[in-house]
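Step one of this worksheet: look at the structure below.
Number of protein chains: 2
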Amino acid sequence: MASFDPTQIRALVFDVFGTVVDWRSGVARDVAALAASKGVRVDAPAFADAWREGYRPAMDRARRGEIAWTNIDGLHRSILDELLPRFGLGPVSNEEADVLNRSWHRLDPWPDVLSGLHALRTRFVISTLSNGNVALLVNMAKRAGLPWDCVLSAEMFQKYKPDPEVYSTAAQLLGFAPQQVLMVAAHPSDLAAAQGSGLRTAYVPRPLEYGAGEPSADRVGERVFDIVASDFVELAKQLNT
Amino acid sequence: MASFDPTQIRALVFDVFGTVVDWRSGVARDVAALAASKGVRVDAPAFADAWREGYRPAMDRARRGEIAWTNIDGLHRSILDELLPRFGLGPVSNEEADVLNRSWHRLDPWPDVLSGLHALRTRFVISTLSNGNVALLVNMAKRAGLPWDCVLSAEMFQKYKPDPEVYSTAAQLLGFAPQQVLMVAAHPSDLAAAQGSGLRTAYVPRPLEYGAGEPSADRVGERVFDIVASDFVELAKQLNT
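If you're matching them up, the sequences are chains P and C in order.
Positions 64 to 304 (the numbering used here) are the ones given, in order, by the first sequence.
Positions 64 to 304 (the numbering used here) are the ones given, in order, by the second sequence.
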């Protein structure tokens with residue numbers, strides 16, 4: 064790997080679920096609210112975890128072509144339809160399920176995100192690079208005030224991360240060489256795939272992604288990233304913004 | 064055509080060249096600056112007009128598959144390489160030509176645009192829907208402060224307007240039915256194509272697009288659009304924002 068020169072960076076692309084927003088708390092909040100309205104008791108954080116856990120195998124089926132390409136709203140909905148009876152949350156109308164499915168559009172950023180992004184935006188192009196679908200990312204940004212210059216989504220490429228085309232096409236669309244683009248993520252596997260396409264990498268661990276005391280299975284291991292930062296404000300400082 | 068109910072609109076998608084930004088003045092400004100640096104005299108507005116005129120046939124060759132799909136930066140560059148000798152502007156280095164080619168990234172909005180977009184953004188999702196490539200649209204927005212929620216470009220679809228897929232895919236990506244999306248353009252032909260895909264339409268004439276006293280060849284004719292507004296501030300008022 065060539066030595067890292069931060070002055071070559073022109074754009075930052077961000078993983079979103081877990082890296083920018085706290086999906087677990089946000090989804091659990093809306094699950095708990097629906098359960099309360101039904102007068103049933105549900106372990107809402109466990110529901111959120113199960114929902115998130117179902118996402119990877121569903122996406123992999125789409126990636127391997129075993130099911131037609133489906134966006135995340137669609138994958139989330141099919142997982143939700145299995146989880147509702149399993150968790151005893153019902154009966155739920157189709158419209159109520161749709162509203163709950165869109166809890167993924169209503170997630171809050173981690174506390175450092177807005178000030179970090181505003182600082183980074185003064186010097187770099189900042190964009191999502193997420194498996195979330197466009198409408199989800201746009202609605203999330205509008206609600207939370209995320210100041211993206213551009214919303215790039217796997218949906219535009221009909222490919223999901225970690226497929227290499229997602230990373231290389233993102234750099235190309237932004238008009239930069241891969242080594243001018245810094246992928247920011249809390250997930251080492253995402254960063255490793257970005258490295259494979261020639262992007263630079265910033266690892267921002269989010270130890271609370273799976274709740275207190277629940278470490279992620281996605282470990283750094285032997286991997287080396289260009290930047291490690293504790294949060295987005297720290298990342299902006301390391302990039303001299 | 065079903066009667067128009069503005070309360071059904073959820074998103075506005077905007078043509079950019081001519082509708083949002085004044086390409087003629089911006090391109091002519093940079094052509095004149097380069098000519099001055101070379102000590103040559105060039106009719107800069109005529110250069111800008113010729114550049115813009117070359118864009119449609121070049122794009123149509125790409126649309127018909129006669130040349131490989133090429134983004135607007137690429138099409139602009141090949142037209143520029145023909146225009147430089149024709150207008151006696153030279154010798155020009157490859158780097159100088161690249162910088163001039165990016166004059167299309169440095170265009171200024173019409174005077175009403177920023178306040179109109181900020182008003183519209185409070186109630187609607189606002190996005191580009193332009194044949195301009197993503198990098199061009201992102202750079203333009205960052206320089207001019209255009210507050211897009213999303214940057215949608217023909218480049219993402221590898222299709223150019225007025226191909227119907229561009230309009231229908233844009234609505235789909237934003238998560239809305241075509242009739243919930245309002246296409247805003249200064250060009251009746253663009254709006255007619257959007258109507259063909261089921262979008263709603265707002266015509267915002269820009270009488271100075273081709274300079275004073277140079278009417279566009281693209282006429283309204285018998286066409287009827289849902290909204291006609293004199294500028295984006297007026298458009299926001301008509302949509303009750």
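Note that the Cβ used here is the ideal one computed from N, Cα and C, for glycine as well.
Quiz prompt | Contacts of residue 197 of chain P in chain C (Cβ-Cβ under 7 Å) | solution = For this step, residue 197 of chain P is matched to residue 134 along the first sequence. Simply 213, 236, 237.
Quiz item: If you drop the 5 nearest sequence neighbours on each side, which residues of the same chain put their C-beta closer than 6 Å to that of residue 164 of chain C?
Solution: Counting from one through the second sequence, the residue named residue 164 of chain C turns up at place 101. Closer than 6 Å at the Cβ level, and outside the excluded window around residue 164 of chain C, lie 139, 140, 143.
Quiz item: From the beta carbon of residue 219 of chain P, is the nearest beta carbon of chain C less than 7 Å away?
Solution: On the first sequence, position 156 is the one that residue 219 of chain P refers to. Chain C, which has a Cβ nearer than 7 Å to the Cβ of residue 219 of chain P, makes this yes.
Self-check item: Option in P:76, P:93, P:114 with minimal Cα separation from residue 273 of chain P
Solution: Against the first sequence, residue 273 of chain P aligns to sequence position 210. Relative to residue 273 of chain P, the option among P:76, P:93, P:114 whose CA is nearest is P:114.
Quiz item: Three or more C-beta pairs closer than 8 Å, one from the stretch 224-231 of chain C and one from the stretch 89-104 of chain C: is that the case here?
Solution: No, the stretch 224-231 of chain C does not touch the stretch 89-104 of chain C.
Quiz item: residue 188 of chain P CB to nearest chain C CB: under 7 Å?
Solution: Within the first sequence, numbered from 1, the residue matching residue 188 of chain P stands at position 125. At least one beta carbon of chain C lies nearer than 7 Å to the beta carbon of residue 188 of chain P.
Quiz item: Should residue 101 of chain C be flagged as near chain P, meaning a C-beta pair shorter than 7 Å?
Solution: Counting from 1 along the second sequence, the entry for residue 101 of chain C is found at position 38. So, not an interface residue.
Quiz item: Alpha carbon to alpha carbon, what distance is there between residue 148 of chain P and residue 156 of chain P?
Solution: The count along the first sequence starts at 1 and reaches residue 156 of chain P at position 93. The count along the first sequence starts at 1 and reaches residue 148 of chain P at position 85. Residue 156 of chain P and residue 148 of chain P have their C-alpha atoms roughly 12 Å apart.
Quiz item: Along the chain, which unbroken stretches of the beta strand (DSSP E) at least 3 residues long are found entirely within the stretch 201-286 of chain C?
Solution: Within the stretch 201-286 of chain C, the complete beta strand (DSSP E) runs of at least 3 residues fall at 213-216, 244-248, 263-266.
Quiz item: Any C-beta of chain P sitting closer than 7 Å to the C-beta of residue 222 of chain C?
Solution: To locate residue 222 of chain C, count along the second sequence from 1; it is residue 159. The beta carbon of residue 222 of chain C does not come within 7 Å of any beta carbon belonging to chain P, so the residue lies off that interface.
Quiz prompt | residue 194 of chain C burial status per 10 Å Cβ neighbour count (16 or more: buried) | solution = Locating residue 194 of chain C in the second sequence gives position 131, counting from the first residue. The residue in question, residue 194 of chain C, is buried, as its Cβ has 16 or more Cβ neighbours within 10 Å.
Quiz item: What's the C-alpha gap between residue 306 of chain P and residue 188 of chain C?
Solution: The question about residue 306 of chain P has no answer here: the residues shown for chain P are numbered 64 through 304.
Quiz prompt | Identified DSSP bridge partners for residue 192 of chain C | solution = The residue labelled residue 192 of chain C in the question sits at position 129 within the second sequence. Paired residues: C:215.
Quiz item: Using the beta-carbon of each residue, which ones in chain C are nearer than 9 Å to residue 204 of chain P?
Solution: Here residue 204 of chain P is taken as the residue at index 141 of the first sequence, counted from 1. Residues of chain C passing the Cβ test: 212, 213.
Quiz item: Can you tell me where the alpha helix (DSSP H) with residue 295 of chain C in it begins and where it stops?
Solution: Numbered from its first residue, the second sequence carries residue 295 of chain C at position 232. Run containing residue 295 of chain C: 295-301, per the alpha helix (DSSP H) assignment.
Quiz item: Using CA coordinates, which residue listed in C:167, C:181, C:84, C:266 is at the minimum distance from residue 118 of chain C?
Solution: As a working note, residue 118 of chain C is residue 55 in the second sequence. The option with the nearest alpha carbon to residue 118 of chain C is C:167.
Quiz item: Just to confirm, are residue 215 of chain P and residue 265 of chain P a CB contact at a threshold of 7 Å?
Solution: Along the first sequence, one-based indexing puts residue 215 of chain P at 152. Along the first sequence, one-based indexing puts residue 265 of chain P at 202. Here residue 215 of chain P is not near residue 265 of chain P, since their CB atoms are 7 Å or more apart.
Exercise. May I ask which residues mark the beginning and end of the alpha helix (DSSP H) holding residue 182 of chain C?
Key: As a working note, residue 182 of chain C is residue 119 in the second sequence. Taken as a continuous stretch (DSSP letters only), the alpha helix (DSSP H) holding residue 182 of chain C covers 176-184.
Practice problem: Specify, as a first and last residue, the run of the beta strand (DSSP E) that residue 75 of chain P falls within. | Solution: By 1-based counting over the first sequence, the position of residue 75 of chain P is 12. In this chain, the beta strand (DSSP E) harbouring residue 75 of chain P covers 74-77.
Quiz prompt | Bridge partner(s) assigned by DSSP for residue 84 of chain C | solution = In the second sequence, the residue the question calls residue 84 of chain C occupies position 21. Paired residue(s): C:80, C:172.
Quiz prompt | 7 Å Cβ shell around residue 239 of chain C - same chain, five flanking residues per side excluded | solution = The residue you call residue 239 of chain C lines up with position 176 of the second sequence. By the criterion of a C-beta distance shorter than 7 Å, residue 239 of chain C is surrounded in its chain by 73, 74, once the five residues flanking it on both sides are discounted.
Self-check item: Close beta carbons around residue 293 of chain P, own chain, < 6 Å, minus the five adjacent residues each side
Solution: Mapped onto the first sequence, residue 293 of chain P falls at position 230. Answer for residue 293 of chain P: no residue qualifies.
Quiz prompt | Bounding residues of the alpha helix (DSSP H) (the contiguous stretch that carries residue 288 of chain P) | solution = To locate residue 288 of chain P, count along the first sequence from 1; it is residue 225. Neither: residue 288 of chain P is in no alpha helix (DSSP H) and is coded neither H nor E.
Quiz item: Cβ atoms of residue 135 of chain P and residue 196 of chain P: under 7 Å apart, would you say?
Solution: In the first sequence, counting from the first residue as 1, residue 196 of chain P sits at position 133. In the first sequence, counting from the first residue as 1, residue 135 of chain P sits at position 72. A contact, by the Cβ cut-off of 7 Å.
Self-check item: Beta carbon proximity, residue 84 of chain C to chain P, threshold 7 Å
Solution: Counted from its first residue, the second sequence places residue 84 of chain C at position 21. Any Cβ of chain P closer than 7 Å to the Cβ of residue 84 of chain C would place that residue at the interface, and such an atom is absent.
Quiz item: Would you call residue 224 of chain P buried or exposed, if buried means 16 or more other Cβ atoms sit within 10 Å of its Cβ?
Solution: Residue 224 of chain P sits at position 161 when you count from the first residue of the first sequence. Residue 224 of chain P should be labelled buried.
Practice problem: Express the C-alpha separation of residue 248 of chain C and residue 121 of chain C in angstroms, rounding to a whole number. | Solution: Within the second sequence, numbered from 1, the residue matching residue 121 of chain C stands at position 58. Within the second sequence, numbered from 1, the residue matching residue 248 of chain C stands at position 185. The alpha-carbon atoms of residue 121 of chain C and residue 248 of chain C are separated by roughly 21 Å.
Quiz prompt | Endpoints, the alpha helix (DSSP H) within which residue 104 of chain C is located | solution = Numbered from its first residue, the second sequence carries residue 104 of chain C at position 41. Per DSSP, residue 104 of chain C belongs to no alpha helix (DSSP H) and is neither H nor E.
Exercise. Please determine, among P:302, P:268, P:271, P:243, the residue with the shortest C-alpha to C-alpha distance to residue 258 of chain P.
Key: Residue mapping note: residue 258 of chain P aligns to position 195 of the first sequence, counting from 1. Per the C-alpha coordinates, the member of P:302, P:268, P:271, P:243 positioned closest to residue 258 of chain P is P:243.
Quiz item: Within 7 Å (strictly less), CB to CB, does residue 296 of chain C reach chain P?
Solution: Here residue 296 of chain C is taken as the residue at index 233 of the second sequence, counted from 1. It does not: the Cβ of residue 296 of chain C has no partner Cβ on chain P nearer than 7 Å.
Quiz item: Applying a beta-carbon distance threshold of less than 7 Å, which residues of chain C neighbour residue 155 of chain P?
Solution: Here residue 155 of chain P is taken as the residue at index 92 of the first sequence, counted from 1. Under the 7 Å cutoff, chain C gives no residues; its nearest Cβ is about 21 Å from residue 155 of chain P.
Quiz item: By Cβ distance below 7 Å, which residues in the same chain neighbour residue 241 of chain P in space, the five residues on each side in sequence not counted?
Solution: Within the first sequence, numbered from 1, the residue matching residue 241 of chain P stands at position 178. Close CB contacts of residue 241 of chain P within its chain, under the 7 Å cut and outside five residues either way in sequence, are with 231, 234, 260, 261, 262 (chain order).
Self-check item: Three-state secondary structure assigned by DSSP to residue 152 of chain C
Solution: Here residue 152 of chain C is taken as the residue at index 89 of the second sequence, counted from 1. Three-state result, residue 152 of chain C: coil.
Quiz item: What separation, rounded to the nearest whole angstrom, lies between the Cα atoms of residue 129 of chain C and residue 217 of chain C?
Solution: Stepping through the second sequence from its first residue, residue 129 of chain C is reached at position 66. Stepping through the second sequence from its first residue, residue 217 of chain C is reached at position 154. Taking the straight line from one Cα to the other gives about 18 Å.
Quiz item: Is DSSP giving residue 129 of chain C helix, strand or coil here?
Solution: Translated into the one-based positions of the second sequence, residue 129 of chain C becomes position 66. Reduced to three states, the DSSP call for residue 129 of chain C is coil.
Exercise. Would you please verify whether the beta carbon of residue 201 of chain C is less than 7 Å from any beta carbon of chain P?
Key: Position 138 of the second sequence holds residue 201 of chain C. Chain P, which has a Cβ nearer than 7 Å to the Cβ of residue 201 of chain C, makes this yes.
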